[in-house]
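What follows is a set of notes on a single structure, which appears directly below.
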């Protein structure tokens, strides 16, 4: 049994069509005037204006390594982030800390720590999984380079972006 | 006969003056206007949609933006430098011919448009034809060939459908276009566009007859009652121009959602640009025609022309400054109309094809036809029979 959908009955004025056109023209000119009189601003002129100041706390930008307040690398090369990383952007080569080093009791540190920023999807799983609170997603978002090699962040670059993070940070549970 | 005799028997000056007028009008007025109406289209559409639009391209190698006024020049350079690609499956001759056939008629029609009164005693119109509107229709209807040929020669289903749609649409709307103009010609009793404008300058625009002999208090009862058919003619003519120039809401030949890009799907680089330029040139000429016929062409409103002439002293000779004012007035009116075209484009959605045909054949055709009789009736009742 086919269902017939009634077309809406138009009044004479609606059939005439011109009032509707004039109404539409009024709407569009209204928008134009509003934007021309700068009552409303939508677009940000990108390179000159950036939204860095309005970035929320939870923004996930480039992942980076941090040192603690004593200047020690927090990363102990457990390689959990390397395993969890969905696009496999992280490559870690661990290294034993020599016994005459100040932090020899930590035992392990990364010899090389590379994040391929072409692969990184900024999911933040490395940050979530890290037991040492050594890797964080920072607010840097304009990661650019002229070739693929430039887009791989090595250890030095990661510490440069990351900087120092003091004290313990409760990542999920505020009560902990 | 010797060659020298032929040369001396031909007057060189009129040819030279026409040549100067053609070069100036085409290369200094129409083509820049085409380029900048594309820019205006993008800026106005952006403003209507609360965006910004092209606002960066200014003077190269500096930070000076100039509201993006360099954009059309950059676009033009881009079109020229792009690879001119001809697909393997096309009919080469017609494929190459089609863009020129769209562009040339659009530019040819500007020959009869009076873009100013007089400058240094020279009429500001390239060809002062006595059959102005007929010439425009004859040439403008040629531009459909470019589109049909493009659609056919491209050998692609989208192009073909676009070409077919375009031809039927343009042919249908040419009827109402021509018929809607008959009342105007009845009212003026004149087919020379320059004379029509001069009449409007003296006795009131067709849609604004409130000075000179056209004003109702000066005995222009006929013109007052003729406002009604004139307005109908204006609506039909303007809408038909929209359809003729394939502008939205009637841009079915190239509607992106169904036909990729319609008849110019297979075109790239400068050949595509020629289609693009032809379309915008047709829009400018169309606006010029509407302004000339209905809104007084180059004339200033409310008898300002007559007043300025009386200030200048000599009643026969139009001074150069007034000539320049007239040219400026015409350009201002045309630009205003182009902005209206753009405004309408970004307001209305596209018609369905059957709606388009219904509007053309069932409503506008009849309306234009009836309008002729209304006009004729009013003319019989209000004007004295011709002696």
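Chains as they are written, first to last, in the numbering used here: chain A, 7 to 182; chain B, 147 to 533. Where a beta carbon is used, it is the ideal one built from N, C-alpha and C, also for glycine.
Rounded Cβ spacing between residue i and residue j (contact assumed at less than 8 Å)
i                      : j                      : result
residue 387 of chain B : residue 191 of chain B : Actually they are not in contact, since the Cβ atoms of residue 387 of chain B and residue 191 of chain B sit about 20 Å apart, beyond 8 Å.
residue 449 of chain B : residue 318 of chain B : About 40 Å separates the two Cβ atoms, so there is no contact after all.
residue 286 of chain B : residue 390 of chain B : 7 Å
residue 484 of chain B : residue 183 of chain B : 5 Å
residue 333 of chain B : residue 372 of chain B : 6 Å
residue 180 of chain B : residue 426 of chain B : 4 Å
residue 271 of chain B : residue 259 of chain B : 7 Å
residue 265 of chain B : residue 492 of chain B : Residue 265 of chain B to residue 492 of chain B, Cβ: 36 Å. No contact.
residue 121 of chain A : residue 148 of chain A : Not a contact, Cβ separation roughly 16 Å.
residue 237 of chain B : residue 299 of chain B : 4 Å
residue 470 of chain B : residue 330 of chain B : No, residue 470 of chain B and residue 330 of chain B are not in contact; Cβ-Cβ is about 28 Å, not under 8 Å.
residue 146 of chain A : residue 67 of chain A  : 5 Å
residue 99 of chain A  : residue 110 of chain A : Their Cβ separation, rounded to whole angstroms, is 19 Å, which puts residue 99 of chain A and residue 110 of chain A out of contact at 8 Å.
residue 413 of chain B : residue 245 of chain B : 7 Å
residue 137 of chain A : residue 81 of chain A  : In fact, because the Cβ distance is near 10 Å, the residues do not count as touching under 8 Å.
residue 71 of chain A  : residue 79 of chain A  : 7 Å
Per-residue contacts from residue i into chain B (C-beta, under 7 Å)
i                      : result
residue 151 of chain A : Going along chain B, no residue has its Cβ under 7 Å from residue 151 of chain A, so there is no contact; the nearest lies around 24 Å.
residue 42 of chain A  : 193
residue 27 of chain A  : 494
residue 68 of chain A  : Near residue 68 of chain A there are no residues of chain B at all, since even the closest Cβ is about 28 Å away, more than 7 Å.
residue 148 of chain A : None at all; the shortest Cβ gap to chain B is about 19 Å.
Strand pairing of residue i, partner residues [DSSP]
i                      : result
residue 159 of chain A : A:121
residue 351 of chain B : B:354
residue 141 of chain A : A:71
residue 332 of chain B : Residue 332 of chain B is not bridged to any residue.
residue 116 of chain A : A:100
residue 269 of chain B : B:264
residue 20 of chain A  : The partner list for residue 20 of chain A (beta bridge, DSSP) is empty, contrary to what the question assumes.
residue 79 of chain A  : A:73
residue 170 of chain A : A:73
Boundaries of the beta strand (DSSP E) in which residue i is found, first to last residue
i                     : result
residue 97 of chain A : 96-102
Unbroken alpha helix (DSSP H) run spanning residue i, endpoints
i                      : result
residue 291 of chain B : 289-299
residue 280 of chain B : 278-286
residue 170 of chain B : That residue, residue 170 of chain B, is in no alpha helix (DSSP H); it is neither H nor E in DSSP.
residue 417 of chain B : 415-440
residue 90 of chain A  : 86-90
residue 132 of chain A : 131-135
residue 251 of chain B : 238-254
residue 180 of chain B : 177-194
residue 36 of chain A  : 24-42
residue 535 of chain B : Residue 535 of chain B lies beyond the range of chain B shown here (147 to 533); nothing can be said about it.
residue 385 of chain B : 367-390
residue 7 of chain A   : Note, residue 7 of chain A: premise wrong, no alpha helix (DSSP H); not H, not E.
residue 526 of chain B : 511-528
residue 500 of chain B : 499-504
residue 466 of chain B : 466-491
residue 451 of chain B : 450-458
Where residue i meets chain B, residues with beta-carbon distance less than 8 Å
i                      : result
residue 48 of chain A  : 196 and 197
residue 31 of chain A  : 489, 490 and 493
residue 16 of chain A  : Here the premise fails: no neighbours, minimum Cβ distance about 14 Å.
residue 141 of chain A : Within chain B, no residue comes near residue 141 of chain A; the closest Cβ sits about 38 Å away, beyond 8 Å.
Per-residue contacts from residue i into chain B (C-beta, under 9 Å)
i                     : result
residue 35 of chain A : 194, 489 and 493
**Message:** Give me the subset of the region 177-202 of chain B whose CB atoms are less than 8 Å from a CB atom of chain A, sorted by chain position.
**Reply:** So the close ones are 190, 193, 194, 195, 196, 197 and 198.
**Request:** For the region 487-502 of chain B, enumerate the residues whose C-beta is nearer than 8 Å to any C-beta of chain A, in chain order.
**Result:** So the close ones are 489, 490, 492, 493 and 494.
**Item:** Residues in the region 75-106 of chain A having any Cβ partner in chain B nearer than 7 Å
**Value:** If the cut-off is 7 Å between Cβ atoms, the region 75-106 of chain A has nothing near chain B.
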